[in-house]
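Novice: Sharing a structure here in C-alpha cells format.
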Amino acid sequence: MITRFRRLPLRSRLALLTAAAVAVAVAAAAGACWLVTRQELGNQRDTTLSNVSADASTVRGYLRNCGAAPGGQEGLFRPYTVQIITAEGVVCTTLGPAPLEVHTSDLAVAQGRAELTLHDARTSGGTEMRVATKPGPVPGTAVSIAQPLSEIDKPLGSLAVVLALTAGVGVLGAATAGLGVARAGLRPVDRLTGAVEHIARTEDLAVRIPVEGEDEIARLSRSFNSMTAALASSRDRQQQLIADAGHELRTPLTSLRTNIDLLVRSEETGRAIPPEDRKALLASVRAQMAELAALIGDLQELSRPDSAPGSGPVQVIALHEAVERAVERARLRGAGLTFDVRLESWYVRAEPAALERAVVNLLDNAVKFSPPGGTVEVAMKDGELTVRDHGPGIPPEELPHVFDRFWRSPSARSLPGSGLGLSIVARTVQQAGGEVALRSAEGGGTIASVRLPGAPVEPPSLA
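What the sequence shown shows, in mature numbering (1 follows the signal peptide of the UniProt record, and there is no 0), is residues -23 to -1, 1 to 440, in sequence order.
What follows is the structure in C-alpha cells.
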C-alpha cells in the first residue's frame, strides 16, 4: 500500500493527504458532536422521567384495578408507560402498554431500600425502554415511569446520517481543494521540471526560471538558476581552455614538425645538414619538447578539481623552507643573476608540492624578466612573501589580466612560457586561503606578493 502511494504523482499524494487529514478532523468532530448530543438527550430524558409523578389516589386505583384503567386515568401518563410495584412484588401496568421487566432495584425502591433507580428494561413485547423507578405516594409501593429508547435513538440515527453526509461532502471538497492547491503550489516545480528536461534534452544552459516571492520554491528556483549559471560558466571556461590550449600547442608543434621534416628530408635525400645547423635543429627540437612537456604539466595542474589540486594532503609546512628550496631551483635557471634572500619563519597549512611549485613559478617569472646580471629580491616578513625583479615591469593597464589563463604581455610573447604559471600561482594561493597580487615597483621592475594565513612558529600540537 505504501509502495503504491509513493508511485502516485506528487500532486495526487498531496490531495490524498489533505483529504485524509480533513476526513480525520471531520470524523473526530462529527463523532464528538454525536456523543455529546446523545449524552445531553439521555440526561434530559432521565430528568424528565424522574420528574413525572403520580398522586396517591391514582396509585390506589391502579392497585384495585390491575389490568383495567381506573376511571379514565390511563391517559394521564401518555406517552409514558407507568407500572406500580408493591413491596410484595405485585405489578400493575397502565392499560395498553406491555408489562416491563421488574429489576431487583425496582423492588428495592418499593421496599424502601433505595430512593431512585434508572435503568434500561425490555417489555414483554420486546421493546427497549428507559425506566425511572422512585418511591410511590402510597407506602410500600414504587412507581416506574418508562419511555421507549427509540424516542431518542431515532433522532440520533438521523443526526448520524446528516453528520456522515456532511463529512463525506467535506472530504470530497477537501480532496478537490487539495488537488487545486497542489496544482497551484507545484506549478513552479513543473516549470523547474520542464527546465531540467529541456536542459537534459538540448544542453542549453542559458535557461532561467522566473523567481517570484521568497518562499521555498523561490529559493529552489534561485538555486537552480545559480547552478545553471555556474555550469554555463564552467563549460565556457572549459571551451576557452581547450581553445587556448590548442592555440598554444599549435606553435611548438608546428615548429617541431618543421624541424623534424628538415631532418627527415636530409636523411631521405642524402644531403647532409652542416654539423652546426644540425646541432641547432636538435637543440630547437629539445627545447620545443621541453616547452610542450611544461605546457601539458600546467594544463594537468589546472584541470585538477579544487578538492584535489595536488598530489599530497594539506599539512602544516614551513613556508620559509619551501621558499629556500624554490630559490635553489631558480638559481639553476637564472645563471648570472643575484638572489637577495631575506626570510623570516612562517608556517602555513597547504599542500607542500603545490605551494612550492607556485613559489617556483613566481621566481621563474622574475628570472625571465630580469636583465642580465640583475638582482632578484626575495623576502618573507610578517607572513608576506615578496619577489621583486628589476625588469621592464608591467604596464598598469595589463595588471588586471596577469592571472588569466594563457594571458601573456605583448612584450613577453617572444619569451618561452605558456601563460599558465601565474594562473597556477593564483589558484594554489586561493586554495590555501591566501591572496596574491602583482604591482609595479618604484624604480622599475615588478613586485609579486603572497600573503598566507599562518604563524611565525610551528603549532606544538602539529610539531
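Built from N, CA and C at the ideal position, the CB exists for glycine as well.
By a C-beta neighbour count over all protein chains shown, 10 Å radius and 16 as the cutoff for buried, is residue 446 buried or exposed?
Specialist: The structure shown has nothing for residue 446, since the chain only spans -23 to 440.
Novice: One question on the structure: do I273 and N338 come within less than 8 Å of each other, judged by their Cβ atoms?
Specialist: Contact: no.
Novice: In this structure, does DSSP put F380 in helix, strand or coil?
Specialist: The answer is coil: DSSP assigns F380 none of H, G, I, E or B.
Novice: With distances taken between CB atoms, is the gap from F380 to D366 smaller than 8 Å?
Specialist: Their beta carbons are not under 8 Å apart, which means F380 does not touch D366 by this criterion.
Novice: If T363 and T315 are in contact, beta carbons under 8 Å, what's the gap, nearest whole angstrom?
Specialist: Actually they are not in contact, since the Cβ atoms of T363 and T315 sit about 16 Å apart, beyond 8 Å.
Novice: Work out the CA separation of P437 and V325 for me, nearest whole Å.
Specialist: So the two alpha carbons sit approximately 13 Å from each other.
Novice: For chain C, check one thing: does any of its Cβ atoms lie closer than 8 Å to the Cβ of N202?
Specialist: Here chain C cannot be found, since the structure has a single protein chain.
Novice: Going by CA-CA distance only, name the one from T205, G350 and T14 that's closest to D130.
Specialist: Among T205, G350 and T14, the Cα nearest to that of D130 belongs to T14.
Novice: Measure how close the beta-carbons of A123 and Q60 come, nearest whole angstrom, since I'm counting them as under 8 Å.
Specialist: Their Cβ separation, rounded to whole angstroms, is 7 Å, which keeps A123 and Q60 in contact under 8 Å.
Novice: Report buried or exposed for R196, applying the criterion of at least 16 other Cβ atoms within 10 angstroms of its Cβ.
Specialist: Exposed is the call here.
Novice: Would you identify the three-state DSSP class for T70, choosing helix, strand or coil?
Specialist: DSSP places T70 in strand when its eight states are reduced to three.
Novice: Mind checking whether the beta-carbon of G147 lies closer than 7 Å to any heavy atom of the ligand NAP?
Specialist: Among the components of this structure there are no ligands whatsoever, and the ligand NAP is therefore not found.
Novice: Quick check on DSSP: helix, strand or coil for V13?
Specialist: Three-state DSSP puts V13 in a helix.
Novice: Helix, strand or coil for G431, going by three-state DSSP, please let me know.
Specialist: G431: strand per DSSP, three-state reduction.
Novice: With distances taken from CA atoms, which of A335, E301, T405 and E375 is nearest E354?
Specialist: Minimum Cα distance to E354 is reached at E301.
Novice: Within 8 Å, do at least three Cβ pairs link the region 144 to 157 to the region 27 to 37?
Specialist: Segments in contact, no.
Novice: Could you round the C-beta distance between V184 and A172 to whole angstroms and report it? I think they count as a contact, below 8 Å.
Specialist: That pair is a contact at about 5 Å.
Novice: Pick from A356, A4 and A303: whose alpha carbon is nearest that of L320?
Specialist: The shortest Cα separation from L320 among A356, A4 and A303 belongs to A356.
Novice: Any idea if T427 is buried or exposed, counting beta-carbon neighbours within 10 angstroms, 16 or more meaning buried?
Specialist: Residue identity check: residue 427 is Val in the sequence provided, not Thr. Buried, since its Cβ has 16 or more Cβ neighbours within 10 Å.
Novice: Looking at the unbroken alpha helix (DSSP H) that takes in L84, where does it start and where does it end?
Specialist: Looking at the DSSP string, the run of the alpha helix (DSSP H) that includes L84 is T81 to A87.
Novice: Name the one or two DSSP bridge partners that T63 has.
Specialist: Note: T63 sits in a beta bridge opposite T118.
Novice: Which residues mark the beginning and the end of the alpha helix (DSSP H) in which D341 is found?
Specialist: P329 to F346 is the span of the alpha helix (DSSP H), which, as asked, contains D341.
Novice: Excluding five sequence neighbours on each side, which residues of the same chain lie with their C-beta closer than 8 Å to the C-beta of R199?
Specialist: Once the five neighbours on either side are set aside, the close Cβ partners of R199 are V188.
Novice: Assign T104 to one of three DSSP states: helix, strand, or coil.
Specialist: It is coil, neither helix nor strand.
Novice: Nearest-angstrom Cα distance between G350 and G311?
Specialist: Cα to Cα, the separation comes out at about 9 Å.
Novice: For residue 442 and T58, I'd like the C-alpha separation in whole angstroms.
Specialist: Since the first and last residues shown for the chain are -23 and 440, residue 442 lies out of range.
Novice: What are the residues that DSSP puts in a beta bridge with V402?
Specialist: V402 is not bridged to any residue.
Novice: With the cut-off set at 8 Å, would you say A299 and P329 are in Cβ contact?
Specialist: Yes, these two residues count as a Cβ contact at 8 Å.
Novice: Using three-state DSSP, classify R99 as helix, strand or coil.
Specialist: Note: R99 maps to strand in three-state DSSP.
Novice: Going along the chain, which residues of its own chain have a beta-carbon closer than 7 Å to the beta-carbon of A(-9), five neighbours each way excluded?
Specialist: Cβ neighbours of A(-9) beyond the five flanking positions: A152, G155, L156 and A159.
Novice: Enumerate in chain order the residues of its own chain whose CB-to-CB distance from P114 is below 7 Å, with the five nearest sequence positions on each side excluded.
Specialist: Answer for P114: A31, D32, A33 and V36, listed in chain order.
Novice: List the residues that DSSP assigns as beta-bridge partners of Q124.
Specialist: BP columns for Q124 point to R107.
Novice: Please report how far the alpha carbon of G431 lies from the alpha carbon of L309, in whole angstroms.
Specialist: Distance between the alpha carbons of G431 and L309: 30 Å.
Novice: Where does A207 fall in DSSP's three states?
Specialist: Note: A207 maps to helix in three-state DSSP.
Novice: Taking only three categories from DSSP, how would you classify D238?
Specialist: In this structure, D238 counts as helix in the three-state DSSP scheme.
Novice: Suppose you measure from the CA of G145 to the CA of W11; what does that come to, to the nearest Å?
Specialist: Answer to the nearest angstrom: the Cα atoms are 16 Å apart.
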